[in-house]
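S.K.: Before we start, here is the structure in question, set down as structure tokens.
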Amino acid sequence: MSTIDQQLKQSIAKAIQEAFQVDVAIEDIIIEIPKDKSHGDYATNTAMKFSKVIGNNPRVIAQTLVDTIDKEAASIASMEIAGPGFINFKMQSDSLTRVISQVLDLGDRYGYNDSGKALKINCEYVSANPTGDLHLGHARGAAWGDSTTRLLKMSGYDVTREFYVNDAGNQVDNLARSLYARYANIFGQQVDLPEDGYHGPDVKEIAEEIAKEYGDAYLTYSDEVHNFFKKEGIRLELEKLKRDLKNFRVEFDVFTSEQSIRDAGLVEKAVETLDTLGYVYEKDGALWFETTKFGDDKDRVLRKNDGSYTYLVPDIAYHITKLDRGFEKMVDFLGADHHGYIPRLKASIEALGRDADTLEVDIIQMVRLVDNGEEVKMSKRLGNAITLRELCEDVGVDAARYFFVQRALDTHFDFDVNLAKKQTNENPVFYAQYAHARICSILRSSTIDEKAENYDLLTHEKELELLKYIHEFTNVVADAAKHRAPNKMCNYIQKLAALFHSFYGACKVIDNEHPQRSAQRLDLLRACQITLRNALWLIGVEAPEKM
RNA sequence: GUCUACGUAGCUCAGUCGGAUAGAGCAUACGCCUUCUAAGCGUACGGUCAGGGGUUCGAAUCCCUUCGUGGACGCCA
26 MSTIDQQLKQ
36 SIAKAIQEAF
46 QVDVAIEDII
56 IEIPKDKSHG
66 DYATNTAMKF
76 SKVIGNNPRV
86 IAQTLVDTID
96 KEAASIASME
106 IAGPGFINFK
116 MQSDSLTRVI
126 SQVLDLGDRY
136 GYNDSGKALK
146 INCEYVSANP
156 TGDLHLGHAR
166 GAAWGDSTTR
176 LLKMSGYDVT
186 REFYVNDAGN
196 QVDNLARSLY
206 ARYANIFGQQ
216 VDLPEDGYHG
226 PDVKEIAEEI
236 AKEYGDAYLT
246 YSDEVHNFFK
256 KEGIRLELEK
266 LKRDLKNFRV
276 EFDVFTSEQS
286 IRDAGLVEKA
296 VETLDTLGYV
306 YEKDGALWFE
316 TTKFGDDKDR
326 VLRKNDGSYT
336 YLVPDIAYHI
346 TKLDRGFEKM
356 VDFLGADHHG
366 YIPRLKASIE
376 ALGRDADTLE
386 VDIIQMVRLV
396 DNGEEVKMSK
406 RLGNAITLRE
416 LCEDVGVDAA
426 RYFFVQRALD
436 THFDFDVNLA
446 KKQTNENPVF
456 YAQYAHARIC
466 SILRSSTIDE
476 KAENYDLLTH
486 EKELELLKYI
496 HEFTNVVADA
506 AKHRAPNKMC
516 NYIQKLAALF
526 HSFYGACKVI
536 DNEHPQRSAQ
546 RLDLLRACQI
556 TLRNALWLIG
566 VEAPEKM
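The numbering used here applies: residue 26 is where the first sequence begins, and numbers increase by one.
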């Protein structure tokens with residue numbers, strides 16, 4: 026599909042070549058929609074940007090380009106030079122209205138593009154320990170990761186959505202002991218929760234579930250009983266996580282178990298390889314890895330003096346398995362508290378002879394929970410944190426999904442529960458959903474039988490703005506995917522909704538006096554509806570037909 | 001202390017591959033429903049883009065620095 030700005034870029038590049046014998050890459054040419062409408066439909070700063078390369082002053086270059094550009098080929102109606110050397114384009118009207126038929130044809134496929142060039146990419150997000158409920162930090166990662174992978178898929182990346190299950194190590198042993206204590210309590214036995222045990226209500230519920238299914242068969246503590254609680258605990262916690270995530274419209278293609286990586290001997294293999302390469306030494310009874318040779322600020326322990334491995338080793342092995350599965354790019358979405366961990370992981374990948382740049386880590390800044398203007402501290406252990414499940418019940422999945430994705434990932438973010446609960450116009454998700462419902466309502470109440478012959482009657486300023494912005498959708502999708510920034514989609518949604526509402530205020534759609542114009546406007550609305558629905562889908566928000 | 005992010009309107013935030021007069025929502029003030037959903041639209045008010053220096057024809061955007069805020073600096077994950 027040849028979009029307007031691509032046509033413009035090509036024509037400009039061709040004109041530069043013809044007039045100045047200079048080759049410029051199409052991607053280096055910038056086309057934008059000017060904020061000021063008097064500056065035309067589209068504008069470019071090409072003459073300024075390339076004035077050095079071309080070796081002339083911007084106004085002269087701009088004039089030459091205006092004289093050289095093939096207007097017909099790019100559907101340009103007129104051009105004008107402004108300011109320091111901007112070229113402003115006014116487009117032939119049919120080049121703007123053409124998008125309507127494209128959108129109506131493509132439907133749910135509108136927005137799909139091949140900018141990702143089928144890059145095999147693995148996105149790992151959430152990866153919460155199966156030891157408790159998902160809290161707000163996980164929720165941000167879940168909403169962001171899921172929306173990002175939707176964007177990537179729409180942009181033609183070959184995406185795998187992955188969840189790493191930490192089902193080995195201290196914390197799951199702790200889970201087993203906590204679970205056993207709760208279980209024993211049910212049968213009237215005085216067993217205290219471990220000092221650093223999991224106090225969450227989910228552990229209690231799972232204990233009850235086990236008690237119901239197995240009765241008192243596991244009351245006498247032993248290694249075997251411990252392993253039973255560990256296995257059952259992980260299974261049931263994981264089931265619950267998956268349920269909560271699915272309810273939050275977040276799904277995964279692959280769940281990789283840490284235990285399975287250990288069982289396959291990959292942990293030992295990684296250590297051996299590092300040893301063979303000479304990056305490993307013993308000190309204080311522990312086995313160290315010289316990550317400083319790869320840019321880390323100090324060496325890290327691989328095997329503790331009690332003989333067990335630090336979490337780093339299975340993580341290294343895990344990331345190697347991703348590379349072995351053929352991913353050209355791995356993206357980890359990690360909480361800000363893990364940021365010191367990135368150099369270690371990258372160092373390890375490099376030490377093992379792989380390209381550390383295939384791993385990119387997007388850091389998720391902290392979410393603070395604010396209620397009635399006061400910060401609520403989150404504490405998973407004490408069981409008083411607001412969980413993802415509660416949040417969804419409180420504010421609804423739509424509002425929660427929208428809120429978490431609305432702001433850039435690297436900004437600190439206060440989730441105002443009070444505001445999110447309000448369900449008034451203060452909440453931006455309603456503004457967008459209302460626009461969609463309004464469109465549906467107009468389409469429902471239409472009595473126009475006539476079909477649009479073409480779109481020559483769509484000449485109102487509000488109509489043209491709406492058309493231009495609908496046309497932008499594919500570009501915005503590709504750009505948001507490239508930057509892994511679904512918040513850009515929220516901005517798009519808000520502006521599209523605003524343009525529609527503004528159009529609605531200025532133009533009556535259903536008008537039996539002007540059936541042909543009505544028919545054309547109805548098609549414009551259908552295109553707008555599809556675009557809005559697809560945009561909302563990308564961030565996991567529903568597009569209601571009625572409100 | 002070291003590392004890492006952030007600091008834009010009264011509030012919450014967009015804008016950051018450098019471009020024209022820095023945008024939106026909320027709040028405030030004033031208009032708009034005998035007309036397709038007023039959960040809406042329009043107008044007004046509101047800014048030393050944290051401070052300073054530098055690069056550039058041009059900086060909120062890039063570089064340096066100071067201040068402020070959050071987070072990380074475990075043989076926890």
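Where is the CB? At the ideal position from N, CA and C, for every residue including glycine. The structure presented is a predicted model; accordingly, all values stated were derived computationally and were not measured.
#1: What are the start and end residues of the beta strand (DSSP E) that includes residue 280?
#2: Is the stretch 529-539 touching the stretch 200-210, taking contact as three or more C-beta pairs under 8 Å?
#3: Would residue 110 be called buried (16 or more neighbouring beta carbons within 10 Å of its own) or exposed?
#4: What does a CB cutoff of less than 7 Å around residue 49 pick up in its chain, not counting 5 residues either side in sequence?
#5: Does residue 69 come out as helix, strand or coil in the three-state DSSP assignment?
#6: Go through its chain and collect everything with a Cβ distance to residue 45's Cβ below 6 Å, but skip five positions before and after it.
#7: Identify every run of the beta strand (DSSP E) within the stretch 427-489, keeping only runs that are complete inside it and at least 3 residues long; order them along the chain.
#8: Straight-line CA distance for residue 59 to residue 140?
#9: Taking 8 Å as the cut-off, decide whether the C-beta atoms of residue 360 and residue 389 are in contact.
#10: Run through the stretch 129-215 for me and flag every whole alpha helix (DSSP H) of 4 or more residues, listed as ranges in chain order.
#11: Identify, in the order they occur along the chain, each residue of the same chain with its Cβ nearer than 8 Å to the Cβ of residue 557, setting aside the five sequence neighbours on each side.
#12: Could you check the C-alpha separation between residue 116 and residue 66 for me, to the nearest Å?
#13: Assuming residue 428 and residue 440 are in contact, meaning their beta carbons sit under 8 Å apart, how far apart are those beta carbons, in whole angstroms?
#14: Whose CA, out of 514, 505 and 492, lies closest to the CA of residue 546?
#15: Going by DSSP in three states, residue 561 sits in which element: helix, strand or coil?
#16: Taking residue 585 as part of the alpha helix (DSSP H), name the residues at either end of that continuous run.
#17: Give the range of the beta strand (DSSP E) segment to which residue 582 is assigned.
#18: Apart from the five residues just before and just after residue 540, which ones in its own chain have a Cβ nearer than 7 Å to its Cβ?
#19: Quick check for students: name the residue ranges of the alpha helix (DSSP H) that lie wholly in the stretch 313-387, counting only runs of 4 or more.
#20: Taking contact to mean at least 3 C-beta pairs separated by less than 8 Å, is the stretch 329-345 in contact with the stretch 377-394?
#21: According to DSSP, residue 56 sits in a beta bridge with which residue or residues?
#22: Might you give, ordered along the chain, the residues of its own chain that have their beta carbon closer than 7 Å to the beta carbon of residue 505, omitting 5 neighbours on each side?
#23: Roughly how far, in whole angstroms, is the beta-carbon of residue 172 from the beta-carbon of residue 564, given that I think they are within contact range, below 8 Å?
#24: Are the beta-carbon atoms belonging to residue 266 and residue 155 less than 8 Å from one another?
#25: Use the C-beta contact count for residue 437: other C-beta atoms within 10 angstroms, 16 or more gives buried, fewer gives exposed.
#26: Strictly by DSSP, which residues pair up with residue 111?
#27: How many Å lie between residue 136 and residue 125 at the Cα?
#28: Does the stretch 284-291 touch the stretch 231-246, meaning 3 or more C-beta pairs lie closer than 8 Å?
#29: Under a three-way DSSP split, which group does residue 308 fall into?
#30: By DSSP, does residue 26 sit in helix, in strand, or in coil?
#31: With DSSP collapsed to three states, give me the class of residue 546.
#32: Determine, using beta carbons only, whether residue 430 and residue 168 come nearer to each other than 8 Å.
#33: Measuring alpha carbon to alpha carbon, tell me which residue in 338, 301 and 391 is nearest residue 369.
#34: So within the stretch 223-251, which uninterrupted alpha helix (DSSP H) runs reach at least 4 residues, ignoring any that extend past its ends?
#35: What three-state label does DSSP hand residue 33 in the structure shown?
#36: Measure how close the beta-carbons of residue 268 and residue 426 come, nearest whole angstrom, since I'm counting them as under 8 Å.
M.R.: Reading from the atomic positions:
#1: 279-282
#2: The stretch 529-539 makes no contact with the stretch 200-210: fewer than 3 CB pairs, one atom from each, lie closer than 8 Å.
#3: buried
#4: 38, 41 and 75
#5: Look at residue 69 here: in three-state DSSP terms it is strand.
#6: 79
#7: 438-441
#8: 24 Å
#9: yes
#10: 161-179 and 195-211
#11: 457, 460, 461, 464, 518, 521, 522, 525 and 568
#12: 6 Å
#13: 6 Å
#14: 492
#15: helix
#16: Absent from the structure is residue 585, since the part of the chain shown begins at 26 and ends at 572.
#17: Because the chain spans 26 through 572 in this model, residue 582 falls outside it and cannot be assessed.
#18: 473 and 475
#19: 337-349 and 367-376
#20: Contact between the stretch 329-345 and the stretch 377-394 is present, with at least three C-beta pairs closer than 8 Å.
#21: 69
#22: 176, 511, 513 and 514
#23: 5 Å
#24: yes
#25: exposed
#26: Among the bridge pairs identified by DSSP, residue 111 is matched with 107.
#27: The alpha-carbon atoms of residue 136 and residue 125 are separated by roughly 13 Å.
#28: no
#29: strand
#30: Low confidence applies to residue 26: its pLDDT is 40, below 50, so where it sits in the model is not reliable enough to give any reading.
#31: helix
#32: Their beta carbons are under 8 Å apart, which means residue 430 touches residue 168 by this criterion.
#33: Comparing Cα positions, the closest option is 338.
#34: Along the length of the stretch 223-251, whole alpha helix (DSSP H) runs at least 4 residues long occupy 226-239, reported in chain order.
#35: helix
#36: Not a contact, Cβ separation roughly 17 Å.
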